[in-house]
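Numbering (the UniProt record's numbering), first residue to last: 1 to 77.
Right, here's the structure in full:
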């Protein structure tokens, strides 16, 4: 069972690495659906990864989405 979890996780990471711009767009479109701390935590990890992969010109957009989610996260405390 655990091998399946790791394999699914690796597929997710590979998908993000293959096209970080597309994944950032997907996150941005689903922004309203991140309404719990658990969901926000998971997507913040993805955003950190995207920030490392994406070209410097697009990093401010990643930061903007991250900041929006952090505000929501703090409001849920």
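Where is the CB? At the ideal position from N, CA and C, for every residue including glycine.
Remember, it's a predicted structure, so these values are computed and weren't measured experimentally.
Burial state of residue i, where buried means 16 or more other Cβ atoms lie within 10 Å
i, result
"residue 69", "buried"
"residue 38", "exposed"
"residue 40", "buried"
Residue i versus the options, residue with shortest Cα-Cα distance
i, options, result
"residue 49", "23, 34 and 72", "23"
"residue 56", "71, 30, 21 and 72", "21"
"residue 27", "77, 64 and 74", "64"
"residue 25", "62, 11 and 36", "62"
"residue 54", "11, 18 and 12", "18"
Beta-carbon separation (whole angstroms), residue i vs residue j, contact threshold 8 angstroms
i, j, result
"residue 16", "residue 52", "Between residue 52 and residue 16 the Cβ distance is about 10 angstroms, and since that is not below 8 angstroms, they are no contact."
"residue 66", "residue 44", "7 angstroms"
"residue 74", "residue 34", "With 8 angstroms as the limit, residue 74 and residue 34 do not qualify as a contact, their Cβ atoms being about 13 angstroms apart."
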